[in-house]
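Participant: Letter 171 of the sequence shown, counting from 1, is numbered 271 in this note's numbering, and no numbers are missing.
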Amino acid sequence: MDAVDGRDDTSLLRAHAAGDPNAFGEIVRRHRDRLWAVALRTTGDREEAADALQDALLSALRAANNFRGDSAVTTWLHRIVVNACLDRMRRRQARPTVPLPETDVTPAPAADRDTAMDVRKALQELPAEQRAALVLVDVQGYAVAEAAVILGVAEGTIKSRCARGRARMALLLGHLRNPAADKSVPSPISPSTSRKEGGA
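1) Going by beta-carbon coordinates alone, are L223 and R231 separated by less than 8 Å?
2) Could you tell me the alpha carbon to alpha carbon distance between L251 and L276, rounded to whole angstroms?
3) Let me make sure I understand the geometry here. Which of V244, L158, A139 and E148 has the alpha-carbon closest to that of F124?
4) With DSSP run on the structure shown, which of helix, strand or coil describes A270?
5) Does DSSP put Q154 in a helix, a strand or coil?
6) Pick helix, strand or coil for N159, following the three-state DSSP scheme.
7) Just the Cα atoms here: how many angstroms apart are A156 and R129?
8) Output yes or no for whether 8 Å exceeds the beta carbon distance between R303 and L140.
9) Does the beta-carbon distance from V239 to A247 come in below 8 Å?
10) Which of the three DSSP states, helix, strand or coil, is assigned to R107?
11) Take the Cβ of L113 as the centre, count every other Cβ of all protein chains shown within 10 Å, and call the residue buried at 16 or more, exposed below.
12) Nearest CA to the CA of R162: which residue from L177, R188 and A149?
13) Let me check understanding here. Comparing Cα to Cα, which of A164, M217, T215 and P227 lies closest to R192?
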């Protein structure tokens with residue numbers, strides 16, 4: 101429940117379906133920040149995330165009468181948002197564009213900004229399904245079971261998508277573990293090595 105409106109999300113959704121003009125707005129107010137974070141991390145692009153979130157909220161507004169209560173309202177909303185993001189990403193893959201670089205609102209040390217940019221870029225390299233699973237489980241903190249409900253797949257599918265996504269991210273971000281190691285480790289074919297092997 102919320103301090104502004106004492107009704108829980110399910111009651112608000114029912115009230116919206118019954119004609120309460122303010123009920124859906126209250127649901128959006130309660131959950132917009134988290135829904136925005138999911139959309140942004142799933143799409144990796146502010147404009148796409150904003151459009152996907154708008155599409156999702158319009159879909160939820162129209163589909164409120166169809167909410168069966170099988171899951172929490174937040175789970176239902178997250179599923180709609182993720183599906184809207186995946187739809188937009190599929191369409192974008194059909195007509196690729198080059199996104200503008202994002203600007204940080206709060207200043208951060210250059211190394212932190214570089215790392216965050218590397219992570220965002222690596223996340224964008226993942227297939228959409230792996231990215232969606234990783235965003236829900238690793239970034240948003242959902243349990244595997246909740247992520248499975250949101251994405252409409254089995255728990256085992258979420259686990260395997262996360263495992264594959266994490267493995268790919270580890271490869272893509274290996275340089276972040278020890279950036280100095282890249283410079284200090286001699287290459288296998290260095291001049292000193294080849295002279296020793298050649299019997300000089």
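By construction, the Cβ of each residue, glycine as well, lies at the ideal position given by its N, Cα and C atoms.
Fair warning: this is a prediction, and the values are worked out from it, not measured in the lab.
Facilitator: Quick look at the numbers:
1) For L223 and R231, yes; Cβs fall inside 8 Å.
2) So the alpha carbons of these two residues sit roughly 30 Å apart.
3) Ranked by how close their Cα comes to the Cα of F124, the residues V244, L158, A139 and E148 have L158 in first place.
4) Note: A270 maps to helix in three-state DSSP.
5) Helix, per DSSP.
6) It is Ser, not Asn, that sits at residue 159 in the sequence shown. In the structure shown, S159 sits in a helix (DSSP, three-state: H, G or I).
7) Computed Cα separation, rounded: 15 Å.
8) Since the first residue of the chain shown is 101 and the last is 300, residue 303 is not available in this structure.
9) At the C-beta level, V239 and A247 stay beyond 8 Å of one another.
10) Of the three classes helix, strand and coil, the one that applies to R107 here is coil, per DSSP.
11) It is buried - the Cβ of L113 has at least 16 other Cβ atoms within 10 Å.
12) It is L177 whose Cα lies nearest to the Cα of R162.
13) The candidate whose alpha carbon is nearest that of R192 is P227.
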